[in-house]
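For the sequence shown, the numbering used here gives the first residue as 25, with consecutive numbering after it.
By construction, the Cβ of each residue, glycine as well, lies at the ideal position given by its N, Cα and C atoms.
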Amino acid sequence: MKRKKWPFVLLIVIVVLGIAGYAAIRAFIDKADENLKLLTEAQIRTLDLTAVADGTYTGSFKAFPIEVEVEVEVKGHKILSIALIRHSNGKGQAAEVLPDQVVAAQSLQVDTIAGATYSSKSILLAIQDALGP
């Protein structure tokens, strides 16, 4: 009689683990979707470089699964360089050209990279964070 209970107990354990695994994966996906929605709605402000003193500034932005950290060098109210310190991304590597475009335009109002929209916006928001309100 005891041998007949083992398959049933094993089945119950497998079902419980399956449900728990599904719930964890669903929560992970929901959090990523929520972060990407907030990222989509985030606004890129117009820079006022006249208010930015000479110096090197760091900024960051996180919206799981994307994480960006930049270092921005400003001199004479102009952006001299932007170093992309960290860019954790999925398929957004193409957006890593944006810092050069921002330096050339001296503005955050540059086109995002098709196919890397979330990474593009994350990089711009990190630069915005570095240069303040």
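Whether or not the segment 127-135 and the segment 107-119 are in contact is what I'm after, with contact meaning three or more pairs of Cβ atoms, one per stretch, closer than 8 Å; do they touch?
no
Proximity below 9 Å, CB of Val-127 to CB of Ile-106:
yes
Confirm, please, whether the CB-CB distance from Val-94 to Gly-79 is below 9 Å.
no
Which stretch, first to last residue, makes up the beta strand (DSSP E) that contains Ala-87?
79-87
As assigned by DSSP and simplified to three states, the class of Ala-129
helix
With 16 other Cβ atoms within 10 Å as the buried cut-off, status of Lys-40:
In the sequence as presented, Lys is not what sits at residue 40; that position holds Val. Burial state of Val-40 is exposed, judged by a 10 Å Cβ sphere holding fewer than 16 other Cβ atoms.
Looking at the structure shown, is Ala-107 part of a helix, part of a strand, or coil, going by DSSP?
strand
Per-residue burial, Lys-61 [other beta carbons within 10 Å of its own, 16 or more giving buried]
exposed
Three-state secondary structure (DSSP) of Val-33:
Helix, per DSSP.
Quick one: is Gln-152 buried, meaning 16 or more other Cβ sit within 10 Å of its Cβ, or exposed?
buried
Please determine, among Ser-144, Asn-113 and Gly-114, the residue with the shortest C-alpha to C-alpha distance to Gln-125.
Ser-144
Using the beta-carbon count (16 or more within 10 Å), is Pro-123 buried or exposed?
Result: buried.
Counting only the same chain and skipping the five closest in sequence on each side, list residues whose C-beta sits under 6 Å from that of Ile-147.
Val-92, Ala-119 and Leu-122
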